[in-house]
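Numbering (full-length UniProt numbering), first residue to last: 1 to 182.
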């Protein structure tokens with residue numbers, strides 16, 4: 001049975017991940033400008049970024065699992081091509097939310113440097129492999145740019161539907177006590 005709005009856990013995951021992703025984007029853009037020197041400042045911020053990236057990697061797996069288990073929320077009534085575009089954009093958002101932490105983690109694995117999760121050093125998985133590190137760094141950077149663009153598109157689509165089309169999108173995402181069937 002399809003639902004008319006999202007359940008509390010889905011809403012919580014959406015806004016928690018949105019907040020963390022925007023924070024990761026801001027941190028990622030800022031920290032790449034830090035100088036490579038012996039102070040350890042750059043490495044410390046990279047480790048913070050990696051730690052939150054691992055958290056996001058786990059959250060997206062949880063979110064995808066939850067999305068498969070919960071009842072579906074009815075699609076907005078709109079033209080077929082717009083429904084297909086929305087589905088494709090959401091699918092790509094989920095894909096990028098998987099690719100970014102995975103490429104970042106694997107790039108770190110192949111970098112030869114220790115990986116720390118909020119200060120705790122994780123076991124070394126493999127040896128340094130510069131080619132894989134460079135490939136995964138490239139995937140990570142391209143995926144980050146694609147995610148930024150898709151987030152902007154997602155926000156613009158929301159504003160269009162909410163303000164121009166006057167569709168009650170906020171009602172679908174509100175913190176409801178119970179979820180009534182459609």
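Note that beta-carbon positions come from the ideal geometry of N, C-alpha and C, so glycine has one too.
- Under DSSP, residue 24 takes part in no beta bridge, so it has no partner.
- The residues 25, in chain order, have a CB closer than 8 Å to that of residue 148 in the same chain once the five nearest residues on each side in sequence are set aside.
- Taking the C-beta atoms as reference points, residue 89 is found nearer than 9 Å to residue 157.
- Counting other Cβ atoms within 10 Å of its Cβ, residue 101 reaches 16 or more and is therefore classed as buried.
- The residues 101, in chain order, have a CB closer than 6 Å to that of residue 57 in the same chain once the five nearest residues on each side in sequence are set aside.
- Taking the Cα of residue 50 as reference, the smallest distance to any Cα among 65, 31, 63 and 35 is reached at 31.
- Residue 95 holds the alpha-carbon nearest to the alpha-carbon of residue 61 among 132, 84 and 95.
- Given a length threshold of 3 residues, the region 55-90 has no whole run of the beta strand (DSSP E) inside it.
- Judged by DSSP secondary structure, residue 162 falls outside any alpha helix (DSSP H); it is assigned neither H nor E.
- Cα atoms of residue 132 and residue 107: separation of roughly 7 Å, rounded to the nearest angstrom.
- Less than 9 Å separates the beta-carbon of residue 110 from that of residue 136.
- DSSP, read as helix, strand or coil, puts residue 117 in strand.
- In this structure the region 36-54 touches the region 112-127; the number of beta carbon pairs closer than 8 Å is three or more.
- Under the Cβ criterion (8 Å, minimum of three pairs), the region 3-10 does not count as touching the region 36-43.
- In this chain, the alpha helix (DSSP H) harbouring residue 169 covers 169-172.
- DSSP lists no bridge partner for residue 141.
- Residue 59 and residue 17 have their C-alpha atoms roughly 7 Å apart.
- Contact between residue 34 and residue 42 holds, since their C-beta atoms are separated by about 4 Å, short of 8 Å.
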